[in-house]
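Numbering (this note's numbering), first residue to last: 8 to 384. By construction, the Cβ of each residue, glycine as well, lies at the ideal position given by its N, Cα and C atoms. These numbers were taken from a predicted model, which means no experiment stands behind them. Below is one structure, written out as structure tokens; comments come after it.
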């Protein structure tokens, strides 16, 4: 069967029109995504306000004390976000490709996967919600890199002896690590605590991605976590940390506060001969940065413990989503509490204060998030 020139011309015009329509649909989707992103950024305006406030304070404080951004912290944070996102996407893609090919017998698993990812990202505004959350956290992390480096310069370590004495008072005249070492002082236990401490950063990044994509009925939890996190790190990690400036047990003797923690440090060194105690390398990196022997790692601050405060937020957010998940994350927060003392990062009161602060800010953030949701509905 032959095709007449008129018919061929009609087919060409039809193909061109199909192309125009496809481009138009893609443009509409892009425009819709951009509009939703702007709308989401407006809904996140309090988060941006806290991040911008932190940036402004960092802009004012940095030159006054010649505090330079902890570049290593910022670059490590940003690179880890990228690497972590790539790993998560690769893992998810691998699982979905296998499922599409083996279970659903897809003829084109890669194309179907791309379509599924696109639908998931666009559905319920998850993509714009995640991008907006990442913008907030990136801006805040840049500010915090300056603020953390400025703490000891604004107020040199003052409260280490007081917090150590409080630990003794609260624990019946004994330093907390003396209670804990018989239970958690073995090489195996200390290695486990080290691993748990390192897992914390992975959970932090997971929390950014998981809560960042929460929309619909979980949108309030997303906003609550974002606000609680930002307030905890700004007010707890900078304002309170500056007012109650302290270095922590690992640096107790180095700042001239006494040799109270020398036995703990000696125990960690002995364990390090059996299994690697990564905390010791962290102590040295922070101290070298503090005294100017290496770039980055300039911020030393013990009170309140941001590890424990943030782990408490993990548990609170997890409980808001799923009670069983909350139980697991509360147990993890307890492990971090023990690890912070045994690994000489913190006084016990650092953790107690951080947990109480996190719970209070979580409740405050919840009220704010629910009020904003009510006004928007």
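Option nearest residue i by Cα separation, candidates the options
i           : options               : result
residue 287 : 319, 242, 349 and 243 : 349
residue 382 : 50, 257 and 229       : 50
residue 375 : 226, 138, 317 and 296 : 226
residue 205 : 357, 163, 289 and 329 : 289
residue 141 : 220, 162 and 73       : 220
residue 39  : 298, 67 and 135       : 135
residue 327 : 224, 353, 43 and 42   : 224
residue 316 : 357, 361, 379 and 352 : 361
residue 353 : 201, 214 and 171      : 171
residue 155 : 72, 265 and 261       : 72
residue 329 : 218, 269 and 261      : 218
residue 379 : 229, 214 and 133      : 229
residue 146 : 163, 249 and 56       : 56
residue 192 : 363, 158, 270 and 249 : 270
residue 168 : 177, 263 and 65       : 263
Neighbourhood of residue i by C-beta distance below 6 Å, restricted to the same chain and skipping five residues each side
i           : result
residue 203 : 342 and 346
residue 166 : 251 and 253
residue 384 : none
residue 355 : 174, 183 and 348
residue 69  : 153
residue 285 : 201
residue 139 : 47, 48 and 51
Contacting residues, own chain, Cβ-Cβ under 8 Å from residue i (five flanking each side not counted)
i           : result
residue 322 : 333, 336, 337, 339 and 340
residue 1   : Not covered by the structure: residue 1. The range shown for the chain is 8 to 384.
residue 181 : 175
residue 31  : Residue placement at residue 31 is poorly supported in this model, since its pLDDT is 46, which falls under 50; the coordinates are not used for a value here.
residue 29  : Unreliable placement is indicated for residue 29, whose pLDDT of 48 sits below 50; no coordinate value is reported for it.
residue 26  : Reliability of the predicted coordinates at residue 26 is poor, the pLDDT of 48 falling under 50, and the value obtained from them is presented with this limitation in mind. Nothing listed; no residue qualifies.
Limits of the unbroken alpha helix (DSSP H) element including residue i
i           : result
residue 52  : 52–72
residue 377 : 355–383
residue 281 : It is not in any alpha helix (DSSP H) - residue 281 carries neither H nor E in the DSSP assignment.
residue 171 : 167–177
residue 4   : Outside the shown range of the chain (8 to 384) lies residue 4, about which nothing can therefore be said.
residue 191 : 183–191
residue 139 : 133–161
residue 319 : 313–328
residue 230 : 226–238
Neighbourhood of residue i by C-beta distance below 7 Å, restricted to the same chain and skipping five residues each side
i           : result
residue 258 : 294 and 307
residue 320 : 232, 235, 236, 239, 365 and 369
residue 377 : 227
residue 373 : 231
Original post:
Would the stretch 219–236 and the stretch 365–382 be scored as touching if the rule is three or more Cβ pairs under 8 Å?
Top reply: yes
Original post:
Are the stretch 304–315 and the stretch 236–255 touching by the rule of at least three beta carbon pairs closer than 8 Å?
Top reply: yes
**OP:** Please confirm if the stretch 185–201 is in contact with the stretch 272–288, defined as three or more CB-CB distances below 8 Å between the two stretches.
**Re:** yes
**OP:** Evaluate the contact criterion for the stretch 149–163 versus the stretch 55–66: three or more CB pairs, one atom per stretch, below 8 Å.
**Re:** yes
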